[in-house]
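Asks:
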Amino acid sequence: MNTYDLIFYLFAAVTILSALMVVTHKNIVHSAFYLLFTFFGVAGLYVLLAADFIAIVQLIVYVGGILILLLFGVMLTNKITNVEIRTGTINLVPAVIGVGLFAGALLASVVNSPWKIKNPEHTVPTTKLLGTLLLQEYLLIFELLGIVLLIALIGAASIARK
Amino acid sequence: MRAYFNNIFTALITIFVGMKVTLRHLFTPSVTIQYPDVKLPLPERERNRLYVNMDDCIGCDQCARACPVNCIEIETVKSLPGEDLGKTSNGKKKALWVTKFTIDFAKCCYCQLCVFPCPTECIYMTDVYEFSEYDRNNLIYDFATLTPQERQEKIENFRKFSEEKEKQKAKTDKSE
Amino acid sequence: MSVRTEEMVLNMGPQHPSTHGVLRLELTLDGEIITKVVPHIGYLHRCFEKHCEVMSYPQVIPYTDRMDYLAAMGNELGYVIGVEKLLRIQVPERVEYIRVIMAELQRIASHLVAIGTYGADIGAFTPFLYCFRDRERILNLFEITCGARLLYNYIWVGGLSHDLHPDFVRLTKEFIKEFKPNLRELNNLLTYNKIFIDRTANVGILPLETAINFGVTGPMLRASGLKWDLRKDDTYSVYNKFDFDIPIGEGKMGTVGDSWDRYYVRVLEMEESLKIIEQAIETLPDGDVTSAIPKKIKPPVGHVYSRVENPRGELGYFIISDGSTSPFRVKVRAPSFVNLQIMDELCRGHLVADVIAILGSVDIVLGEVDR
Amino acid sequence: MIYDFLNDLTGSPFIAGTITALLPLFAFILPFALFAVLLERKVAGHMQDRLGPMRVGYHGILQTVADIIKLIQKEDIIARNNDKLLFNIAPVLTFAGSYAAFAAIPFSSVFLGANIDLGIFYIIAVTGLVVAGILMAGWASNNKYSLLGAMRSAAQIISYEIPTILVVLSIVMLTGTMSLYDLSESQTSYFWNWYLLGGPEFEIQKFLLIPFMLIGFLIIYISTLAEVNRTPFDIPEAESELVSGYHTEYSGMKFAMFFLAEYANMFAVSAIVVALFLGGYQSPFGYLGNLLNINWLIPLEQFFWFTFKGIFFVFVQMWLRWTLPRLRVDQLMAASWKYLIPIAFFNLLIIGIISIL
Chain G
1 MNTYDLIFYL FAAVTILSAL MVVTHKNIVH SAFYLLFTFF GVAGLYVLLA ADFIAIVQLI
61 VYVGGILILL LFGVMLTNKI TNVEIRTGTI NLVPAVIGVG LFAGALLASV VNSPWKIKNP
121 EHTVPTTKLL GTLLLQEYLL IFELLGIVLL IALIGAASIA RK
Chain C
1001 MRAYFNNIFT ALITIFVGMK VTLRHLFTPS VTIQYPDVKL PLPERERNRL YVNMDDCIGC
1061 DQCARACPVN CIEIETVKSL PGEDLGKTSN GKKKALWVTK FTIDFAKCCY CQLCVFPCPT
1121 ECIYMTDVYE FSEYDRNNLI YDFATLTPQE RQEKIENFRK FSEEKEKQKA KTDKSE
Chain B
2001 MSVRTEEMVL NMGPQHPSTH GVLRLELTLD GEIITKVVPH IGYLHRCFEK HCEVMSYPQV
2061 IPYTDRMDYL AAMGNELGYV IGVEKLLRIQ VPERVEYIRV IMAELQRIAS HLVAIGTYGA
2121 DIGAFTPFLY CFRDRERILN LFEITCGARL LYNYIWVGGL SHDLHPDFVR LTKEFIKEFK
2181 PNLRELNNLL TYNKIFIDRT ANVGILPLET AINFGVTGPM LRASGLKWDL RKDDTYSVYN
2241 KFDFDIPIGE GKMGTVGDSW DRYYVRVLEM EESLKIIEQA IETLPDGDVT SAIPKKIKPP
2301 VGHVYSRVEN PRGELGYFII SDGSTSPFRV KVRAPSFVNL QIMDELCRGH LVADVIAILG
2361 SVDIVLGEVD R
Chain V
3001 MIYDFLNDLT GSPFIAGTIT ALLPLFAFIL PFALFAVLLE RKVAGHMQDR LGPMRVGYHG
3061 ILQTVADIIK LIQKEDIIAR NNDKLLFNIA PVLTFAGSYA AFAAIPFSSV FLGANIDLGI
3121 FYIIAVTGLV VAGILMAGWA SNNKYSLLGA MRSAAQIISY EIPTILVVLS IVMLTGTMSL
3181 YDLSESQTSY FWNWYLLGGP EFEIQKFLLI PFMLIGFLII YISTLAEVNR TPFDIPEAES
3241 ELVSGYHTEY SGMKFAMFFL AEYANMFAVS AIVVALFLGG YQSPFGYLGN LLNINWLIPL
3301 EQFFWFTFKG IFFVFVQMWL RWTLPRLRVD QLMAASWKYL IPIAFFNLLI IGIISIL
């Protein structure tokens, strides 16, 4: 086990543990702040995958934007501690079947996908590559996504105005 | 649209004007002094801690009556006929032993009202302004020059004297 | 679509950097918007009026100093004029002139504090110290005259405690000469600053009618557009001998009666005060300042209401004499106290940050509010 | 790079990495904070016709050291109703955010923590952590003033990130790189090659670009000023309204952490401005080392120029602070959304058009 592995396990542990805390913590503001560490851990994992651009985008978008928005929302709610999120269990059997199927599919894809073990010594900047891909090969999808986001933005603004 | 650009323009201009002012002040000499090392000369009418020149005090209690906060306390004892207390510098004859003359500077409001009525000008304000203390009781200044024994003695003397007088009076009353 | 929001009660003061003393404002907020302001006063109550009943007439003067401690000369003047009216004494001309000079210097000093702290409230700290630098020179003038810098006990019934210092006239002229460019500099640095204007113009607009209904006086009333100044409209001392203007709010940067107007009226008033001082110094008569001081102050039974234009507004003393050496009752109409009432009216619908801007423009002195 | 150098020297990537990571803290942030706090007080003092600290050391130069010692000694007060966990983490998180930014700041061609390909982008990303720390501090303090301050601060930093990124984008578009090292290297060692003056290429574009670069420079300077909560944008800690915003409840070393983060941030944003527009670590008049043929002098000169330019902009921040009043919270948002962002967009557009000419 070298330093690289060590760092990987560190980030993985941070991600998983904080994600667990997000779900289980009684205080929703604490949950929201644990989410910060989850996002941060994921960003670290991206870095280890040599996906530098994605890692930084993860930080900017999730930590800098979404998390803060979430915190705003959470802090302004009036019931912060001991929020009862769980509801009574109904339809236990279908739920188990559904979750089981989903978990199976996920596990199958994890086992079967050809993971590329990349040597971390040779990292290539991905920004340029991503840029060319987005603006050449996937241009249509990129534009469509842009339009969808724009529509969402305008919709949000118009709802807020009412 | 014009208002929009006008806003930007005035904001930038006024900020630069303000910055010019502060930049000029960056290089002007300071107006403050390094206080405990350097001290400003005080004007001659400075009103700070009171001082009582007991040689001149005749114990008339006028300053204590003028004081709006009652910070001056004076106790006097009449002198006996044989005693000579001397004269004040402006020629008034002293007739009272001042056994207590305290000023509580924690109460004093430095209004100078006590200074004017004094017939012998023995109470006046000095330019001493640094007299902070850790204990409030230390701010009560006693100006009486008599030692505690002397005070006791004077009070005792006067008591004896008046008792004597009383007796004398009683005797003369009886004899009549 | 309306969202139900919960109101928040924010307690501002009594220990808060910008309540100008120990004032407590209970703000009810909807988000950051004020829905209600309740000023809680009394933290600095020192029983001034009760004290007066046991003090002899001259002993009250040091107590008046401590009401509006930024304008002690004005407080003394109002009280002394009242007692003189009760006693029916005529004071020498020179005394009146010196009183006017002192009151106007005091007005400048007081307005400098008002303007400086207003700047500091808005966030500009440097003008605050520039103002204090100039105020310091005025205090030095007071100090050479009577020995005290803040609480003077200088204006006495029938006269003054001291005559002017021999250097006073020269130093005052020097001060006026050097103060004028400083005032221009202050205007450049703060008054016409875009950010300052944005913060204060159209904030806390006080319509004239409301101002009159609330009994607001002083620069606040004048900023709302009414030319009402006791120095001209109910003249006292020798103010009728001098030529000066009464600046009023014109809504130069926003609406008439907004915070910027209240601020600017004070700046202009300082210039007018300089004019008065210049004239008074030029025509200062000779004479003895202590000649008319009565030996024993024992006014006949009666009552009097005397009022003067203090930097913060109309300061009135209602003095009842029962013929003894101490007043039966002294009631003070404190301008800060009356002006403070308007807070709720002015603040509603504004943001928390505007409360500071409005409170600063009302310019209260808590010593006077609570007395 | 310094990492490679240390790696060769020590032969252990771990030690080299640790030293590289700690170097900015001990070699730069702490001394800088000590210096900047004193500078702030001295600048304030002299601008206000005062002298500032004069007692500790000659003209008070040891004042901040004394202050730090005082802060260390102070009792660490945690109120009963504080959220203890978050209350303790918040200052560390805030400082971590501003500290992480220093990893990518090019102090000189040698002293550069990591030559990340996305340098400028990285700095903007990690400073986002500061927002989370501030929100955390505000909420954990369980104080209305702190919460209001934190909310305002978060809203402010997020809105001012947009004009910053837009201006950064215009430079990135012009140069095709996000690496601060490459950006600095490209503005070779004379001041007419700075991007503020149109960049290193001598063509007609250079002269067309100058006014728009100037606008971009002003926008990024203003918006970074807002991002570090300095006057006129110091609304989160506006002492006349919110006592002192999100760090009202903090005392002792935790307060010092916020303070340190603030000063570190001040330099970090100045460094961004310098690296983007003012030639980074490049000297404006060529190098003495080249002239005298002493190679090791050049990095030192570069370090000097970079810190000099950075500290100059820190000085300008202080100058502004002691000159201007502060904006109101809605005006602050208006300044960003109504003025800076549209102008930055137009600027971006025009620079784009010029660059493809």
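Residue numbers (the numbering used here), protein chains in the order written: chain G, 1 to 162; chain C, 1001 to 1176; chain B, 2001 to 2371; chain V, 3001 to 3357. Glycine included, every Cβ here is placed at the ideal spot set by N, Cα and C.
#1: How should residue 2001(B) be labelled, buried or exposed, when 16 other C-beta atoms within 10 angstroms of its C-beta is the threshold for buried?
#2: Any C-beta of chain C within less than 9 Å: which residues of the region 2194-2209 of chain B qualify?
#3: Buried or exposed for residue 3302(V), please, with buried defined as at least 16 other CB atoms from any protein chain shown within 10 angstroms of its CB.
#4: For residue 41(G), I'd like the list of residues in its chain whose CB is within less than 6 Å of its CB, leaving aside the five on either flank, ordered along the chain.
#5: Hey, how far is the Cα of residue 1051(C) from the Cα of residue 2358(B)?
#6: Report the three-state DSSP secondary structure of residue 2011(B) (helix, strand or coil).
#7: Nearest to residue 2265(B) by alpha carbon, out of 2242(B), 2241(B) and 2225(B)?
#8: Can you check whether the C-beta of residue 1034(C) is within less than 8 Å of a C-beta belonging to chain V?
#9: Give the range of the beta strand (DSSP E) segment to which residue 1077(C) is assigned.
#10: Counting only beta-carbon separations shorter than 8 Å, does residue 68(G) have a partner in chain V?
#11: Compute the Euclidean distance between the alpha carbons of residue 110(G) and residue 104(G), then round it to the nearest angstrom.
#12: Say yes only if the C-beta of residue 2295(B) is nearer than 7 Å to one or more non-hydrogen atoms of the ligand GDP, and no if none qualify.
#13: Expressed to the nearest angstrom, what Euclidean distance is found between the alpha-carbon atoms of residue 2125(B) and residue 3220(V)?
#14: Using a cut-off of 7 Å between C-beta atoms, extract the partners of residue 2185(B) located in chain C.
#15: With residue 3(G) as the anchor, note down where its alpha helix (DSSP H) starts and where it stops.
#16: If you follow the beta strand (DSSP E) that residue 2050(B) is in, where does it begin and where does it stop?
#17: One question on the structure: do residue 2084(B) and residue 2155(B) come within less than 8 Å of each other, judged by their Cβ atoms?
#18: Just verifying my parser: in three-state terms, what is the DSSP assignment at residue 1052(C)?
#19: Buried or exposed: which applies to residue 6(G), given that a residue is buried once 16 or more other Cβ atoms fall within 10 Å of its Cβ?
#20: By alpha-carbon positions, which one of 49(G), 101(G), 91(G) and 64(G) ends up nearest to residue 115(G)?
#21: Go through the region 3265-3293 of chain V residue by residue and report every complete run of the alpha helix (DSSP H) that reaches 4 residues or more, in order.
#22: Per DSSP, residue 2303(B) forms a beta bridge with which residues?
#23: How long is the line joining the alpha carbons of residue 2240(B) and residue 2232(B), rounded to whole angstroms?
#24: Let me check one thing: in DSSP terms, what residues is residue 1102(C) bridge-paired to?
#25: Hey, how far is the Cα of residue 2031(B) from the Cα of residue 2289(B)?
#26: Using three-state DSSP, classify residue 2351(B) as helix, strand or coil.
#27: From 1117(C), 1044(C), 1053(C) and 1030(C), pick the residue whose C-alpha is nearest to that of residue 3054(V); which is it?
#28: Quick one: which chain V residues come within Cβ less than 9 Å of residue 5(G)?
#29: Among 2249(B), 2227(B), 2245(B) and 2277(B), which has the Cα closest to the Cα of residue 2174(B)?
#30: Would you say residue 1068(C) lies against chain A (beta-carbon separation less than 8 Å)?
#31: Does the structure place the region 2351-2367 of chain B close enough to the region 2025-2042 of chain B that three or more beta carbon pairs sit under 8 Å?
#32: For a test of the three-state rule: what should DSSP assign to residue 1044(C), helix, strand or coil?
#33: Using DSSP with H/G/I as helix, E/B as strand and the rest coil, what is residue 2040(B)?
#34: Only counting the same chain, and skipping five residues up and downstream in sequence, which positions put a Cβ closer than 7 Å to that of residue 36(G)?
#35: Which of the three DSSP states, helix, strand or coil, is assigned to residue 2248(B)?
Replies: On the basis of the data shown:
#1: Position 1 of the third sequence holds residue 2001(B). Confidence at residue 2001(B) is low in this model, with a pLDDT of 43, below 50, so the placement of that residue should be treated as unreliable; the coordinate-derived value is given next. With fewer than 16 Cβ atoms within 10 Å of its Cβ, residue 2001(B) is classed as exposed.
#2: 2194, 2195, 2196, 2197 and 2198
#3: As a working note, residue 3302(V) is residue 302 in the fourth sequence. So residue 3302(V) ends up on the buried side.
#4: Taking the first sequence and counting its residues from 1, one reaches residue 41(G) at position 41. Cβ neighbours of residue 41(G) beyond the five flanking positions: 11, 14 and 15.
#5: Taking the first residue of the second sequence as position 1, residue 1051(C) is located at position 51. Taking the first residue of the third sequence as position 1, residue 2358(B) is located at position 358. Straight-line Cα distance between these residues: approximately 46 Å.
#6: Locating residue 2011(B) in the third sequence gives position 11, where the first residue counts as 1. In the structure shown, residue 2011(B) sits in a strand (DSSP, three-state: E or B).
#7: Sequence index remark: in the third sequence, residue 2265(B) carries index 265 (1-based). Per the Cα distances, 2225(B).
#8: Residue numbering aside, residue 1034(C) sits at position 34 when the second sequence is read from its first letter. Interface residue, yes.
#9: Counting from one through the second sequence, the residue named residue 1077(C) turns up at place 77. Residues 1072-1078.
#10: Residue mapping note: residue 68(G) aligns to position 68 of the first sequence, counting from 1. So yes, residue 68(G) belongs to the interface.
#11: Walking along the first sequence from the start, residue 110(G) turns up at place 110. Walking along the first sequence from the start, residue 104(G) turns up at place 104. Looking at the two C-alpha atoms, the distance is approximately 10 Å.
#12: This structure does not include the ligand GDP; it has no bound ligands of any sort.
#13: Start at 1 with the first residue of the third sequence, and residue 2125(B) comes out as number 125. Start at 1 with the first residue of the fourth sequence, and residue 3220(V) comes out as number 220. So the two alpha carbons sit approximately 25 Å from each other.
#14: Looking up residue 2185(B) in the third sequence gives position 185. Within 7 Å Cβ-Cβ: 1021.
#15: In the first sequence, the residue the question calls residue 3(G) occupies position 3. Per DSSP, residue 3(G) belongs to the alpha helix (DSSP H) from 3-24.
#16: If you number the third sequence from 1, residue 2050(B) lands on position 50. Careful: residue 2050(B) lies outside any beta strand (DSSP E), inside the alpha helix (DSSP H) at 2048-2054.
#17: Taking the third sequence and counting its residues from 1, the one referred to as residue 2084(B) is at position 84. Taking the third sequence and counting its residues from 1, the one referred to as residue 2155(B) is at position 155. The answer is no: Cβ separation not under 8 Å.
#18: Stepping through the second sequence from its first residue, residue 1052(C) is reached at position 52. Looking at residue 1052(C) - three-state DSSP - the assignment turns out to be strand.
#19: Here residue 6(G) is taken as the residue at index 6 of the first sequence, counted from 1. Exposed, because fewer than 16 other Cβ atoms sit within 10 Å of the Cβ of residue 6(G).
#20: In the first sequence, counting from the first residue as 1, residue 115(G) sits at position 115. Measuring from the Cα of residue 115(G), the nearest candidate turns out to be 49(G).
#21: 3288-3292
#22: If you number the third sequence from 1, residue 2303(B) lands on position 303. Paired residues: 2320(B).
#23: Translated into positions along the third sequence, residue 2240(B) becomes position 240. Translated into positions along the third sequence, residue 2232(B) becomes position 232. Residue 2240(B) and residue 2232(B): Cα-Cα distance of roughly 7 Å.
#24: For the purposes of this step, residue 1102(C) is taken as residue 102 along the second sequence, with counting starting at 1. Answer is 1073(C) and 1142(C), bridged to residue 1102(C).
#25: The residue you call residue 2031(B) lines up with position 31 of the third sequence. The residue you call residue 2289(B) lines up with position 289 of the third sequence. Taking the straight line joining both Cα atoms gives about 60 Å.
#26: Within the third sequence, numbered from 1, the residue matching residue 2351(B) stands at position 351. DSSP places residue 2351(B) in strand when its eight states are reduced to three.
#27: Counted from its first residue, the fourth sequence places residue 3054(V) at position 54. When only C-alpha atoms are compared, the closest one is 1030(C).
#28: On the first sequence, position 5 is the one that residue 5(G) refers to. Those within 9 Å of residue 5(G) in chain V number zero; the least Cβ separation is about 13 Å.
#29: Here residue 2174(B) refers to the residue found at position 174 when the third sequence is read from its first residue. Looking at the Cα atoms, 2277(B) is the closest of the given residues.
#30: Although the question refers to chain A, the structure presented lacks it and instead comprises the protein chains G, C, B and V.
#31: yes
#32: Position 44 of the second sequence, counted from the first residue, corresponds to residue 1044(C). Looking at residue 1044(C) - three-state DSSP - the assignment turns out to be coil, as it is neither helix nor strand.
#33: Your numbering for residue 2040(B) matches position 40 in the third sequence. Residue 2040(B) falls in the strand class under three-state DSSP.
#34: Sequence index remark: in the first sequence, residue 36(G) carries index 36 (1-based). These residues qualify, in order along the chain: 63 and 67.
#35: Position 248 of the third sequence holds residue 2248(B). Coil at residue 2248(B), not helix or strand.
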